[in-house]
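Novice: Residue 72 in UniProt numbering sits at position 72 of the sequence shown; the count goes up by one each step and never skips.
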Amino acid sequence: MTDRENRGRENSDRAYRGHENRGFRRLFGDADLSVGLFFPITTAEDDVPPMDDQMELARYAEELGFDALWVRDVPTYWPKFGDAGQVYDPWVYLGQVAARTDDVALGTGSIVLPLRHPLHVAKSAASVDRLSDGRLVLGVATGDRSPEYAAFGVEEASRGQRFREHVRVLRTVWDEEFPEVESSYGTLDGSLDVVPKPTTETLPLLVTGNSRQSLDWIADNGDGWLHYQMPLNTVESVVGDWREAAGDKPFAQATTVNLKADPEAGIDHVHQGFAAGSEWFVEHFRALADRGVDHLAIGIRGSDRDARTVLAQFADEVLDEL
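(1) Quick one: is Val195 buried, meaning 16 or more other Cβ sit within 10 Å of its Cβ, or exposed?
(2) Please state whether DSSP places Ala141 in a helix, a strand or coil.
(3) Using a threshold of 9 Å, state whether the C-beta atoms of Gln86 and Met55 are closer than that.
(4) Could you give the distance in angstroms between the alpha-carbon of His271 and the alpha-carbon of Gly240?
(5) I need the straight-line Cα distance from Leu69 to Leu188, nearest angstrom please.
(6) I think Arg291 touches Val235, with their Cβ atoms under 8 Å apart; what is that distance to the nearest whole Å?
(7) With distances taken Cα to Cα, identify the nearest neighbour of Ala151 among Tyr77, Ala122, Tyr93.
(8) For His227, count neighbouring C-beta atoms within 10 Å of its own C-beta (all shown protein chains included) and say buried if the count is 16 or more, exposed if not.
(9) Please classify Arg286 as buried or exposed, where buried requires at least 16 neighbouring CB atoms within 10 angstroms.
(10) Ile111: which of Glu156, Asp67, His166, Asp102 sits nearest, CA to CA?
(11) For the stretch 36-95, which segments carrying the alpha helix (DSSP H) assignment without a break, of at least 4 residues, lie completely within its bounds, in sequence order?
(12) By DSSP's criteria, Phe274 is part of a beta bridge. Which residues make up the other side?
(13) Under 8 Å by Cβ, that's how I've got Thr108 and Gly139 pegged, so tell me the actual separation to the nearest angstrom.
(14) In whole angstroms, what separates the C-alpha of Lys260 from that of Ile300?
(15) Flag this pair as touching only if the stretch 57-71 and the stretch 310-321 have three or more C-beta atom pairs under 8 Å; answer yes or no.
(16) Measuring only the C-alpha atoms, how far is Asp193 from Val121?
Structure representation (structure tokens):
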């Protein structure tokens with residue numbers, strides 16, 4: 001057995017207590033593929049999307065059986081990038097979503113750790129987790145918009161190191177009372193505590209993409225891996241490497257779904273996803289599950305139909321089939 005296979009077995013056996021988190025169990029608690037939905041829940045393609053009726057659509061998505069609602073962390077709007085996310089701050093928005101829903105998991109895809117202080121993240125995330133009765137799954141990343149690093153006074157080249165340090169601080173202040181922590185962000189000398197603590201010993205962390213880390217580091221320090229849209233043959237290879245390094249820790253993938261009205265409609269490629277009929281999506285999602293994908297986080301932007309119609313059709317013709 002190789003060193004990585006040994007590490008994968010150890011990682012499979014070593015579960016953070018955050019795995020008992022309600023949101024984590026909703027996404028990864030059984031062998032079936034779970035499906036979540038990204039905010040903004042809209043088919044519009046505006047850089048700064050319309051945000052009306054989002055809470056009503058969130059409740060509707062929960063009723064239809066979606067397993068998660070995902071928010072993104074986009075600190076500043078950069079027109080060249082062409083995407084302002086769900087516009088509102090993720091922590092404020094998650095508080096609203098937590099109050100309007102009951103059982104659906106709440107995910108971040110993903111909090112840009114190098115641009116935030118870890119003590120702020122620790123308190124905000126644990127607060128959402130408590131207010132939602134343990135439904136928060138924390139996707140984390142290093143970010144991909146170069147001007148933001150200068151805007152926040154962060155050296156872009158330091159983001160990988162800052163990410164690792166941030167994760168270490170988060171784990172410590174969630175797990176310990178009055179911890180002693182030394183980092184480039186500051187010093188905790190044991191006289192201060194960060195409250196509230198999460199509903200479980202720690203929050204589940206899904207590392208997004210590579211986040212400037214090695215696969216072994218992600219396997220050792222994350223509770224799962226959240227990846228971007230990939231071709232099926234690439235998914236099989238990437239998930240295979242992940243299983244070797246991380247054992248049974250889950251693998252999630254984000255993708256864009258432009259659902260055509262005709263269930264038998266053929267496939268067209270769109271940015272970070274596909275436009276097709278429901279029959280194609282059922283087969284594609286089954287193929288992803290066969291290759292080891294545990295959760296899909298989808299966005300529905302790009303259709304010429306309204307969001308409620310698309311969600312209802314997706315639930316009836318895709319979710320029910322899965």
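Glycine included, C-beta positions come from ideal geometry on N, C-alpha and C. Keep in mind that this is a model prediction, so the values were computed, not measured.
Specialist: Taking the definition as stated:
(1) exposed
(2) strand
(3) no
(4) 25 Å
(5) 34 Å
(6) 5 Å
(7) Tyr77
(8) buried
(9) exposed
(10) His166
(11) 54-64
(12) Val257, His269
(13) 5 Å
(14) 11 Å
(15) yes
(16) 14 Å
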